[in-house]
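Before any comments, here is the structure.
Numbering (full-length UniProt numbering), first residue to last: 1 to 403.
Quick look at the structure:
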């Protein structure tokens, strides 16, 4: 009996061998899969753009930006302190924008000091899911020489500084992410929020500049027409307004000197011309991008392509911050920045500066960016301000209002 127990029959040997062979095959398959994943990851990383060499960036050289299939869209915006609007914008454009470029400076248009708000907020939960696609550009304060040049381009005082920040910020961004011919560069203010559907259509239908050095094929431009709102999505202006501009990147056929200071061209009305191809005019690249918004309406205009929500702030302190920062310094007065004045105008949808601009109350809004629709309680100030005692401002208690 003991001998029989110790005997292993041939069929049992075959069965054990089959099990052992199966285990070896599975182990090799796992190794092959892991190696393939490593190789695929290595390939992906080699196709990434390393963000480095940008003065003041909050990220390290290891921070990388994914480089998907062309054409790519680079979204460039100037930021003061409109972080909630930036968050709404990024969520709306999440699936269509390849790189978000946030341009900041420690100097406001009115020469005041400001913190680098995105640098401080970049690691917050609100922006964590986007940070691998964010390029943070910090523009140095304007020099006397730069101010003199931009004064001839953008105008005096705050307008020269705005011109400088747009030009320098977009220049620094282009030098860093180095778009390929045919990629789209989008430029607008942060409160001009493009519709993702509009950008997706532009991206899908755009023609490519096939040759890397193609300077002859006409690069395309697009201007997004915006539904224009004031204070919240309840108050809408009857007329739309042109806003974000997209231009396909194209190498300049003349090999432009980045340090050149070309004269500003004027039209027959004596105003500056910035609605011509922009890549040849490197020093004025930001203002030329912005200026494309004022070109004639035509096939390049995308109807209903964005929402423009102006002065749409959660806190009354942000209203004052904008008035003290942006180029319209004439609005930064004690009259306009008085609490009572602001609240009365906002809750009634009246123009804050008594201009002849009419905004119609349209009832509870139904056309808003999806991120707002998904977080209505959080963004109540963007959908419900009309006749609210404190105009929906989170930093003004309702019980403090007696007017």
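Even glycine gets a Cβ: it sits at the ideal position worked out from N, Cα and C. Values in this document were obtained by computation on a predicted structure and should not be read as measured data.
Listed in chain order, the non-local C-beta contacts of residue 396 below 6 Å within the same chain comprise 316 and 390, local neighbours out to five positions each way being set aside.
When Cβ pairs closer than 8 Å are counted between the two stretches, the segment 187-195 is seen to touch the segment 82-96, the count reaching three or more. Inclusion of residue 167 and residue 286 in the CB contact set at 7 Å is warranted, their separation being smaller than that value. Counting along the chain, the unbroken alpha helix (DSSP H) around residue 162 starts and ends at 158-177.
Contact between residue 184 and residue 86 is absent: CB atoms are separated by about 19 Å, not below the 8 Å threshold.
In terms of Cα proximity to residue 291, the closest of 348, 392 and 224 is 224. With a contact defined as Cβ atoms closer than 8 Å, residue 308 and residue 229 qualify at about 7 Å. Nearest C-alpha to residue 337 among 383, 321, 326 and 313: 321. By alpha-carbon distance to residue 324, the top candidate from 109, 96, 374 and 356 is 109. The beta carbons of residue 105 and residue 165 sit closer together than 7 Å.
Under the DSSP assignment, residue 247 falls in the beta strand (DSSP E) whose first and last residues are 241-248. Under the rule that a run must span 3 or more residues, the beta strand (DSSP E) segments found entirely inside the segment 107-151 read 134-139. As DSSP reads the structure, residue 330 sits in no beta bridge. Nearest Cα to residue 149 within the set 298, 376, 283 and 377: 283. Separation of residue 300 and residue 402 (C-alpha to C-alpha, rounded to the nearest whole angstrom) is 50 Å. Taking a C-beta distance under 7 Å as the contact criterion, residue 94 and residue 186 do not qualify as a contact pair.
In the three-state scheme derived from DSSP, where H, G and I count as helix and E and B as strand, residue 382 is classed as helix.
Separation of the CB atoms of residue 103 and residue 139 is rounded to 6 Å, and the pair is thereby assigned contact status at 8 Å. Rounded to whole angstroms, the gap between the alpha carbons of residue 365 and residue 146 is 44 Å. For residue 360, the three-state secondary structure derived from DSSP is strand. Taking C-beta atoms under 8 Å as the contact rule, residue 400 and residue 304 fail to qualify, at a distance of about 39 Å.
With a contact defined as Cβ atoms closer than 8 Å, residue 181 and residue 250 qualify at about 6 Å. A distance below 8 Å between beta-carbons, with the five flanking residues on each side excluded, links residue 241 to the following residues of its chain, in chain order: 225, 226, 228 and 308. Taking residue 92 as the centre and dropping the five residues before and after it, the same chain places the C-beta of 193, 194, 195, 196, 369, 370 and 371 closer than 8 Å to its C-beta, in chain order.
Distance from the CA of residue 134 to the CA of residue 378, rounded to the nearest whole angstrom, comes to 24 Å. Note on the segment 293-320: whole beta strand (DSSP E) runs with a minimum of 3 residues are 301-310, in chain order.
Assignment of residue 371 by DSSP, reduced to helix, strand and coil, places it in the helix class.
Bounds of any alpha helix (DSSP H) do not take in residue 282, whose DSSP letter is neither H nor E.
Here residue 236 is actually not in contact with residue 363; their C-beta atoms are around 10 Å apart, not less than 8 Å. Judged by their CB atoms, residue 381 and residue 314 are nearer to each other than the 7 Å cut-off. In this structure residue 352 touches residue 311 by the C-beta definition: roughly 6 Å separates them, less than 8 Å. Taking 7 Å as the cut-off, the Cβ atoms of residue 142 and residue 172 do not count as close.
By the C-beta density criterion, residue 220 is buried, having at least 16 other C-beta atoms within 10 angstroms. Residue environment for residue 144: exposed (fewer than 16 other C-beta atoms within 10 angstroms of its C-beta). Around the beta carbon of residue 231, a 10 Å sphere encloses 16 or more other beta carbons of the protein chains shown; the residue is thus reported as buried.
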